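Participant: Numbering (this note's numbering), first residue to last: 3 to 145.
Quick reminder that beta carbons are idealized off the backbone N, C-alpha and C, glycines included.
As the structure is a computational prediction, the values presented were derived from the model and not from experiment.
See below:
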C-alpha cells in the first residue's frame, strides 16, 4: 500500500494570538466592575445627609463599629481591585487615581482620629471620583 507523503515544508504560519488582548479586556472589565460595584454599594449605604455632613457626618459613620468594618471591607476590595489592574491598563485610564488606591491606608499609621479623617476624605472624594471615572471608561470604547 502506498501512503501519501506528508509535506515536510515549514508549518503554516500561526494566527496572531488574541488571547492576551481578550484576557486583558476581560480582566480589565472585571476589575472595573469590582470598583464600580463596591464603590456604588459603599456610597449607597451612606445617606446623603451623612455624605453632606462633612467631617461631622463622617464621625457619626465611623463611630459605629459595624458600619466602620463594612466601610473598611469595601475600601479594601476596591484597593485590591485597583492594585490588581496591570500597569499597561492603568496607563490607559488616567481619570482614576491609581496611586491613591495603591497607597490607601487601611490600618492606622497615624493617630486614630487623623486616620479616620483620612478615610472619610477617601469616602467623600476618592470613591465618588473613581465610580464616575469607571462609568466613563465602561461607556467609552477602548482605543
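Does the pairing of the stretch 108-123 with the stretch 67-82 give three or more beta-carbon distances under 8 angstroms?
Facilitator: yes
Participant: Within the same chain, show all residues whose beta-carbon is closer than 8 angstroms to that of residue 100, passing over the 5 residues directly before and after it, in chain order.
Facilitator: 84, 87 and 92
Participant: Roughly how many angstroms separate the alpha carbons of residue 126 and residue 35, rounded to a whole number?
Facilitator: 20 angstroms
Participant: For residue 40, which residues in the same chain have their Cβ closer than 6 angstroms to its Cβ, ignoring the five residues on either side in sequence?
Facilitator: 76, 79 and 80
Participant: Which residue marks the beginning of the alpha helix (DSSP H) containing residue 80, and which one marks its end?
Facilitator: 67-86
Participant: Rank 66, 89, 117 and 134 by C-alpha distance to the C-alpha of residue 42 and give the top, closest one.
Facilitator: 134
Participant: For the alpha helix (DSSP H) that contains residue 126, what are its first and last residues?
Facilitator: First-last for residue 126: undefined, no H or E at that position.
Participant: Are the CB atoms of residue 45 and residue 129 nearer to each other than 8 angstroms?
Facilitator: yes
Participant: Would you kindly report the start and end of the unbroken alpha helix (DSSP H) that includes residue 92?
Facilitator: That run of the alpha helix (DSSP H) goes 89-92.
Participant: Is residue 112 buried or exposed, if buried means 16 or more other CB atoms sit within 10 Å of its CB?
Facilitator: Residue 112 is exposed by the Cβ-count criterion.
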